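A.B. asks: The structure under discussion is supplied below as structure tokens; questions concerning it will follow.
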Amino acid sequence: MPSPTSEAALEALADPTRRAIVARLRQRPLPVGVIARDLPVSRPAVSSHLRILSDAGLVTHRTAGTRNVYALRPEGFADLRGWLDSLWGDALTAFAAYVDRYEEGDRTP
Amino acid sequence: MTIDARTQPGPIAPVVKSVEVACAPDLAFELFTSRIGQWWPLLTHSVYGEEAASLVMGAGIGEEIVETSAAGERSIWGTIVTWEPGRSVAFTWRPGLPVEETTDVVVRFTPTARGTLVELVHTGWERWEDPISNRDDYDAGWVAVMARFADRASFPEPE
Numbered sequence: 001m002p003s004p005t006s007e008a009a010l011e012a013l014a015d016p017t018r019r020a021i022v023a024r025l026r027q028r029p030l031p032v033g034v035i036a037r038d039l040p041v042s043r044p045a046v047s048s049h050l051r052i053l054s055d056a057g058l059v060t061h062r063t064a065g066t067r068n069v070y071a072l073r074p075e076g077f078a079d080l081r082g083w084l085d086s087l088w089g090d091a092l093t094a095f096a097a098y099v100d101r102y103e104e105g106d107r108t109p
Numbered sequence: 001m002t003i004d005a006r007t008q009p010g011p012i013a014p015v016v017k018s019v020e021v022a023c024a025p026d027l028a029f030e031l032f033t034s035r036i037g038q039w040w041p042l043l044t045h046s047v048y049g050e051e052a053a054s055l056v057m058g059a060g061i062g063e064e065i066v067e068t069s070a071a072g073e074r075s076i077w078g079t080i081v082t083w084e085p086g087r088s089v090a091f092t093w094r095p096g097l098p099v100e101e102t103t104d105v106v107v108r109f110t111p112t113a114r115g116t117l118v119e120l121v122h123t124g125w126e127r128w129e130d131p132i133s134n135r136d137d138y139d140a141g142w143v144a145v146m147a148r149f150a151d152r153a154s155f156p157e158p159e
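In structure tokens, the structure reads:
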């Protein structure tokens, strides 16, 4: 089960425009004007997507002069990795529980 | 603030998990493989979810891991590539995913004082990376991997 944080992150990444924004930020931190360049959506829409990514913990921003510069937040992606990690954790926990049941005599084939 | 340029250097780190179980390696291997349908959490971790009916792992190299739905649909999760009863099993892994997104899983069974240590290592995430991305990027892959996950809501299912 994903944590609330990783759930918000997965939802944020489910949108193709937001994935395009993330792909752009993979190179380096960028101001919103540069992020919006070439994207087929309006600049206010890009700002709105950035806010969703920011609320999900995937993006952070700082003010440089009069501009807001956005950057990926690696910890946000680390949370997601933890969620993936937990999938196998769930499976192995279920396996260990089954071995216990089996050893206690429940040998239903 | 600064972004650490070395957050995820090089190949994407494997997912490593382990659990100790209270039985000998031979039995642990047997239960893990031939009885996978008895213990796998199909309801939460499957292609068909609530419609999932069974999960079967064949015995031997080239055999498949197959989920079947209540309606009789089949989803191949992967193919066994190493088969050493009581010691290790390795398989390709692509539940609900196209062949090019296949990753690799190895499970090793090691005797301990209490029973068996079951260690699972899941690698091959590089294949999920965006081919146009630069491997020197500071995220080095997990962004693309998680974006793919978000694309594939069917498995594993984020709730």
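Same order as they appear, the protein sequences are chains X and V. Using my numbering, read the first sequence as starting at 1 and increasing by one per residue. Using my numbering, read the second sequence as starting at 1 and increasing by one per residue. No residue lacks a Cβ here, since even glycine has one placed at the ideal position from N, Cα and C. As the structure is a computational prediction, the values presented were derived from the model and not from experiment.
#1: How is the alpha helix (DSSP H) around M39 of chain V delimited, first residue to last?
#2: Closer than 7 Å by beta-carbon distance: list the chain X residues that pair up with P41 of chain V, in chain order.
#3: Can you tell me where the alpha helix (DSSP H) holding V21 of chain V begins and where it ends?
#4: If the cut is a Cβ gap below 8 Å, which residues of chain X does L31 of chain V touch?
#5: Identify, in the order they occur along the chain, each residue of the same chain with its Cβ nearer than 7 Å to the Cβ of P131 of chain V, setting aside the five sequence neighbours on each side.
#6: What whole-angstrom Cβ distance do V107 of chain V and T92 of chain V have, given they're in contact under 8 Å?
#7: Does any CB atom of chain X fall closer than 8 Å to the CB of L55 of chain V?
#8: Within 8 Å of any Cβ in chain V, is that where the Cβ of L39 of chain X sits?
#9: Identify each residue in the segment 80 to 100 of chain V for which the Cβ-Cβ distance to at least one residue of chain X is less than 9 Å, and report them in chain order.
#10: Please list, in chain order, all residues of the same chain as Y98 of chain X whose beta carbon is under 8 Å from its beta carbon, the five residues on each side excluded.
#11: For I104 of chain V versus G124 of chain V, is the C-beta distance shorter than 8 Å?
#12: Residues in its own chain within less than 8 Å of A8 of chain X by CB, not counting five upstream and five downstream?
#13: Straight-line CA distance for R152 of chain V to E100 of chain V?
#14: Strictly under 8 Å for the Cβ-Cβ distance: is L50 of chain X near chain V by that measure?
#15: Can you give me the Cβ contacts of R74 of chain V inside the same chain, cut-off strictly under 8 Å, excluding the 5 residues immediately before and after it?
#16: Can you tell me the Cβ-Cβ gap for V118 of chain V and F32 of chain V, rounded? I've got them flagged as a contact below 8 Å.
#17: Check each candidate in V:A113, V:V21, V:V16 and V:I76 and name the one with the smallest Cα separation from L97 of chain V.
#18: Flag this pair as touching only if the segment 89 to 98 of chain X and the segment 67 to 76 of chain X have three or more C-beta atom pairs under 8 Å; answer yes or no.
#19: Among X:R73, X:R26, X:H49 and X:G105, which one has its Cα closest to the Cα of E11 of chain X?
#20: Going along the chain, which residues of its own chain have a beta-carbon closer than 7 Å to the beta-carbon of E50 of chain V, five neighbours each way excluded?
#21: Considering only DSSP beta bridges, list what I80 of chain V is partnered with.
#22: Expressed to the nearest angstrom, what Euclidean distance is found between the alpha-carbon atoms of A28 of chain V and R114 of chain V?
#23: Measure the C-alpha to C-alpha separation of S133 of chain V and A22 of chain V and round it to an integer number of angstroms.
#24: From X:R101, X:H61, X:V46 and X:D79, pick the residue whose C-alpha is nearest to that of R28 of chain X; which is it?
#25: How would you call P40 of chain X, buried or exposed, if buried means at least 16 neighbouring beta carbons within 10 angstroms?
#26: Measure the alpha-carbon distance for D26 of chain V versus M57 of chain V and round it to whole angstroms.
C.D. replies: On the basis of the coordinates in this document:
#1: A small fix is needed here, since residue 39 of chain V is Trp in this sequence, not Met. Segment I36 to W39, the alpha helix (DSSP H) holding W39 of chain V.
#2: D90, A91 and A94, listed in chain order.
#3: Premise fails: V21 of chain V lies in the beta strand (DSSP E), V15 to V21, not in any alpha helix (DSSP H).
#4: F95, Y98, V99 and Y102
#5: Residue confidence for P131 of chain V is low, a pLDDT of 43 falling below 50, so the modelled location carries little weight and cannot support an answer.
#6: Contact doesn't hold; Cβ gap of about 13 Å is too wide.
#7: no
#8: no
#9: none
#10: No residues qualify anywhere along the chain.
#11: Going by the sequence as given, residue 104 of chain V is Asp instead of Ile. Yes.
#12: D55, A56 and G57
#13: With a pLDDT of 45 at R152 of chain V, under the threshold of 50, the predicted position of this residue should be treated as unreliable, though the coordinate-derived value follows. Looking at the two C-alpha atoms, the distance is approximately 14 Å.
#14: no
#15: V66, E67 and T68
#16: With a Cβ gap of about 7 Å, V118 of chain V and F32 of chain V count as contacting.
#17: Nearest of V:A113, V:V21, V:V16 and V:I76 to L97 of chain V, Cα basis: V:I76.
#18: no
#19: Closest option to E11 of chain X, judged by alpha-carbon separation, among X:R73, X:R26, X:H49 and X:G105: X:H49.
#20: L43
#21: V:F91
#22: Rounded to the nearest whole angstrom, the C-alpha separation of A28 of chain V and R114 of chain V is 12 Å.
#23: The pLDDT assigned to S133 of chain V is 43, lower than 50, so where the model puts this residue is not dependable; a value taken from the coordinates is nonetheless given after this. Cα to Cα, S133 of chain V sits roughly 45 Å from A22 of chain V.
#24: X:H61
#25: exposed
#26: Those two C-alpha atoms are separated by around 16 Å.
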